[in-house]
Amino acid sequence: MTVGFVAFHYPEPAHFEEFVDRVRKVREVMGSAPGCLAVDCWVSAEGDAVISTGQWESEEACAASFAAVASADVDVAFDERECRPRHIVKLLSV
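See the structure below:
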């Protein structure tokens with residue numbers, strides 16, 4: 001069963017481009033992990049959210065990608081640069 005996620009991030013306007021760069025760096029790390037099928041970075045048409053998406057061939061592959069991010073030198077901190085909490089949805093194929 002493939003697994004995925006969609007994560008909505010809401011950076012403060014002054015940090016929007018910086019946040020897009022942060023998500024792109026995370027994408028590079030996640031995407032290089034074995035079993036990762038796709039990882040991408042999107043912005044909402046309204047310009048208020050950065051959306052990250054991912055898809056893996058298994059739960060284990062997904063966990064490995066997140067572990068790679070945790071051990072990499074990438075900024076994933078939630079702090080005052082974001083104006084509201086992230087909304088993360090985990091997906092399972094049917």
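In case it helps, UniProt numbering puts the sequence shown at residues 1 to 94. All C-beta atoms, glycine included, are put in the ideal place defined by N, C-alpha and C.
In the DSSP assignment, VAL20 falls within the alpha helix (DSSP H) that extends over 16-31.
The region 32-45 makes no contact with the region 79-93, as fewer than three CB pairs between them are under 8 Å. By the CB criterion at 8 Å, VAL94 and VAL26 fall outside the cutoff. Taking the CA atoms as reference points, VAL29 sits about 7 Å from SER65. Straight across, the Cα-Cα distance linking ARG81 with ASP48 is about 13 Å.
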